[in-house]
Amino acid sequence: MNRADLRPILRLLDAVRRRVRLQDAVEGLARIALPAGLCIAAVGVAGDRLFGSATVPFGPLTWLALVPMAGVLAWAAFRPLSARALARRVDAHYETHDALGHALEFAQPEVSLGSQDERAPGFAALAVQAGLEAVPGKRAAPVVPIRVPPLRRIDLLSAALLAVAFALPERPFDEDPPGRVGPDEAGAGAELEAREGVDMTLAEPLREELDRLRGREDAAAKTAQEVLEILAALERGELDRAQALAQLEALDEELAKAELEMEATLEEDPGILGEGMRELAEALKQHEITQEVSDALSRGDEDAAEEALRKAFEEAEKDTGARDAMENAMRDAEKALGRGANENTDTASKLAEAERRLKREEKREPPENETEEERERRLKRKKEDVERLQRQHEREKAAQRELEELRRQAQQARQQGQGQSQQQKRQQGQQKFGQGTGEAQRKVSKARRMSSARDGVEEAKSFVRRAGQNGESEGRRKEQQKAFGKAAKGDKKGKDGQPSMLVEGEVGDGPPDAFMEGEGEGQGEGEGQGEGQGEGEGEGQGEGQGQGEGNQPGQGLGNGMGEGSVGALGDEQGMKTQQKNVHVNADQGRGATRAQIIEQASQEGFASQGYRRVFQDYRSFAQTAIDSEELPPSQRRRVKRYYQMIQPRD
Amino acid sequence: MSQEHKAQIEALQVDLSNLVEEVQRVIVGQDEVIRSVITCLLARGHGLLEGVPGLGKTLLIRTLAEAVSMDFARIQFTPDLMPADIVGTSVLMDDGTGGRSLQYQPGPVFANIVLADEINRATPKTQSALLEAMAEGQVTAAGETRPLPQPFFVLATQNPLEQEGTYPLPEAQLDRFLFKIQVPFPTEDELIHILDRTTGSEAASVRPVLDGKRLGEMQALIRAIPVAPTLTRYVVRLLRATHPEDANAGEKVQRFVRAGGSPRGAQSVLLAARVRAVLGGRSTPSTDDVRQVLLPALRHRVIRNFEGEAEGVSVDDILAELVERVSAD
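So, in structure tokens, the structure goes:
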């Protein structure tokens, strides 16, 4: 019997086969693919939430959740299903005593019948016929009912796992490196941020400081108020970071104009004046009668200082003991003011040096490869340096004159004698001293407030730039900190005993990894022959200008500051330093340690070339710390001033 | 061709139906027991009926013998029964010429149907007297081998082994029985029917509906029934799975069985399945037929170990697990 004769049976079995595959798929999907897929999806979603990128809706791991489904479907579609097994299933369902199965078997050619009797083939044919007769009325559906298995505990657990994964906090959108953010995406990111607002927790110290500046009617107070308003708008989400930065930049320009105006009206150097007033406050602090005056000066409250001084003088006029105490206080004030008035700054020497250089440059034949235009530009720069130093020198002199004037008034205020004319003179001197102190303190306060306003704007800009970043660079910063600590302990440096550059590349040299705008500013000079190692860290556009100078071969390294830095450490005006070769004692041929270099430089006025390299290392490291949001603004300014003080000198 | 074969099967069904009807004139209920005994007859196998006294075992066999119109002999096994009492012995007799000679006197085993009543009451030595007769259809006595009349069936009865004064049959002897048939206690209706029938004034009589020739034809027909290869393989798998060391052996087999069935057991299953197929009017046995005959065909061939006996696990339970576990292709 051939297979064509079995067609009814085979058709029925084909239908059964299709239903078996369908049921396999349904059952496999429910039993295996569903829980497995949910578990994989949960892992994928959790991975994306915790470690992945929020810009991709589902990470590759999440898509793996579809693999069990595909596997089950493939298995259901392609797993072998023999006709005999299917026939047995139909026979079992309809209780036909293997009629279909036996028909298939006995229809095979040369099948073993298990009997040698001549009647056996006849009985086999009868079995085949019985199989064919059994087909009518048989359907595949009852044999293989399609049922969706009920949910099990593992399915619910898997679903719960996925729900938990979705409940995990999502990473902020602006985690993407800037290189991947196109204009549209950046706009979308800013828009999103604008909707959500910015967490201002880290800006609280800045806001408190700005709040303190608001008390008066001056440019600093106005600036502080505006900066606070910008930050508040940013917090509420009314401004995005780009808009806030733009407004802060505008504010910065206004502040620069106000500073120029102040500089034009203020003849005295506020630094010298401030130092003199600080010493005056310290001197008056030693005496009980002038304690209030000292406190008021320390607070920067000139009106209170003037009033306290007036009261102290009145008290001294009434009581002999108080008069003696006041006289002692005035004597100490006189000394303190005298020290301030006679303080020797290096501006004069710098000015002289700058003038010499200018003259030398003017007389010197221009190099062959230098055009006239370049020469003029170079000379102009030198002249500007000279003019700037001249202005500075004049202002310092004016400040010193004012301090000297105050000293004379203090002297006059402590004049002895009970005669009327002497008493009148003393009272005039006391009045003038009080007014002069108040006036001087007013100028100092004004400059300080302006400086604080400037710092506030800078801080605000820095904060806005960094808002939304999760401190990715903290790990790298800590690594750098560790390496720096090791090097600072005096560990030997790199090859040839040369001190290695701990940080290669100045702050701002690194590739930008945050949303930035504006141009890098800063001016520096390169030096050294570094075989630097380490890693630079910066978040500006890396537009610091490096300018190599020096008589040693080597690669100039710029110390330009990108705008990612909060504030460049050292002299912001790019104080020129002169290279100077110094003899360093060899320590087993491996060069001096940092500690030795620093110790030697402190004795020689911070003028050695080795110290210059060490300073650069330290400054670079400190710059990263300054850039950290964790450092309060007041500490930041302190570090900045410290580095200005210890920067390499001529 | 097919119609002719179909007619043969139908004729066999009719004859067997008549036989069953005749037996049921005397025996009340016990349908499955009757079917099993008939299966033994058609498969040329011997049957061992086990049950407590008074269930009609002996009556069933005697009635069957009457219905098939063949020589019937009944041997009541007792503890003092000797092998010669079964197979016969040589006695000194006059030869008619004044001389005397030893002449063989056949025992009761020389009959078509031998009822070995309460076979486990005889000693093992006497029980073993039936070994050759059951296996080879012949007996050897006084140095001479004599064939037994054909067809030859031994239908034995035994009381449950736990009873007083019984001797368990040796495994070799047990293996020669096609079926070990458990005779159940009658149901309430059956008992009422039995009482009505046996305590009245009329005793039921049985008329012969088959003879030895027709029975021989039927047996030949059974052996002509084809068996599908997958079914043969299924039977082999089932039998192998009764052995603890087999891969398909279930937990109970591994734990409670000392020895599994012999190849003779597989033969029994397959032959009995053929009979069941024909009884059902089918031309080839199915897996259902195999499952139906598995218990009576193998329950006396699977030997429990001490743990199995101590735990009270029956062989039927072990075989039931086997049926669940082993599947056909």
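As given, the protein sequences belong to chains A and B, one line each in that order. Residue numbering for the first sequence follows this note's numbering, starting at 10 and increasing by one per position. Residue numbering for the second sequence follows this note's numbering, starting at 2 and increasing by one per position. Beta carbons: idealized from backbone N, C-alpha and C, even for Gly.
Item, Value
"Closer than 7 angstroms at the beta carbon, the chain B residues around Glu-114 (chain A)", "Ala-229, Pro-230, Thr-231"
"Under the three-state DSSP convention, the category Ile-114 (chain B) falls into", "strand"
"Burial state of Gly-201 (chain B) (16 or more Cβ within 10 Å)", "exposed"
"Simplified DSSP assignment, three categories, for Tyr-168 (chain B)", "coil"
"With 16 other Cβ atoms within 10 Å as the buried cut-off, status of Gly-131 (chain A)", "buried"
"Proximity winner among A:Lys-266, A:Thr-329, A:Gly-349, A:Met-335, relative to Arg-463 (chain A) (alpha-carbon distances)", "A:Lys-266"
"Coil, strand or helix - Glu-370 (chain A) by DSSP", "helix"
"CB contact below 8 angstroms: Ala-92 (chain A) versus chain B", "no"
"Which of helix, strand or coil DSSP assigns to Gly-89 (chain B)", "strand"
"Bridge partners - Ile-304 (chain B), DSSP secondary structure assignment", "B:Ala-260"
"Whole-angstrom distance between Arg-250 (chain A) and Lys-359 (chain A), CA atom to CA atom", "42 angstroms"
"Glu-381 (chain A) (DSSP reduced to helix, strand or coil)", "helix"
"Spatial distance of Lys-470 (chain A) from Leu-254 (chain A) (CA atoms)", "6 angstroms"
"Partners in chain A for Thr-288 (chain B), counting only beta-carbon separations shorter than 7 angstroms", "Asp-107"
"Length of the line joining the Cα atoms of Asp-261 (chain A) and Glu-235 (chain A)", "11 angstroms"
"Nearest residue (CA-CA) to Val-236 (chain B), options B:Val-291, B:Glu-308, B:Arg-177, B:Asp-190", "B:Val-291"
"Coil, strand or helix - Leu-103 (chain B) by DSSP", "strand"
"Burial state of Leu-166 (chain A), where buried means 16 or more other Cβ atoms lie within 10 Å", "exposed"
"C-alpha distance - Pro-171 (chain B) paired with Phe-178 (chain B), whole-angstrom precision", "12 angstroms"
"Segments assigned beta strand (DSSP E), at least 3 residues, entirely inside the segment 102–189 of chain A", "none"
"Any 3 or more C-beta pairs closer than 8 angstroms across the segment 135–147 of chain B and the segment 183–198 of chain B", "no"
"Phe-178 (chain B): first and last residue of the uninterrupted beta strand (DSSP E) it sits in", "178–183"
"Chain-ordered chain B contacts of Val-120 (chain A) [CB-CB under 7 angstroms]", "Pro-230"
"Short Cβ contact (8 angstroms threshold) for Ala-422 (chain A) with Arg-435 (chain A)", "yes"
"Members of the segment 284–311 of chain B that neighbour chain A once the beta carbon cut-off is set at 9 angstroms", "Ser-284, Thr-285, Pro-286, Ser-287, Thr-288, Asp-289, Asp-290"
"Residue-chain proximity (Asp-14 (chain A), chain B), Cβ-Cβ < 8 angstroms", "no"
"is_contact[His-102 (chain A), chain B] using C-beta, thresh 8 angstroms", "no"
"Stretch pair the segment 120–134 of chain B + the segment 80–97 of chain B: three plus CB contacts closer than 8 angstroms", "yes"
"Three-state class that DSSP yields for Gly-283 (chain A) in the structure shown", "helix"
"Simplified DSSP state of Met-94 (chain B), which is helix, strand or coil", "strand"
"Thr-141 (chain B) in three-state terms, based on DSSP", "strand"
"Where the beta strand (DSSP E) through Ala-273 (chain A) begins and ends", "From DSSP, Ala-273 (chain A) is part of no beta strand (DSSP E) but of the alpha helix (DSSP H) over 250–274."
"Alpha-carbon to alpha-carbon, Arg-26 (chain B) and Thr-288 (chain B)", "32 angstroms"
"CA-to-CA distance, Arg-223 (chain A) to Glu-448 (chain A), given in whole angstroms", "21 angstroms"
"Nearest residue (CA-CA) to Gln-424 (chain A), options A:Thr-380, A:Arg-451, A:Met-335, A:Glu-311", "A:Met-335"
"C-beta contact flag for Val-8 (chain A) and Ile-635 (chain A) at 8 angstroms", "Residue 8 (chain A) cannot be examined here, being either before or after the span of chain A that is shown, 10 to 659."
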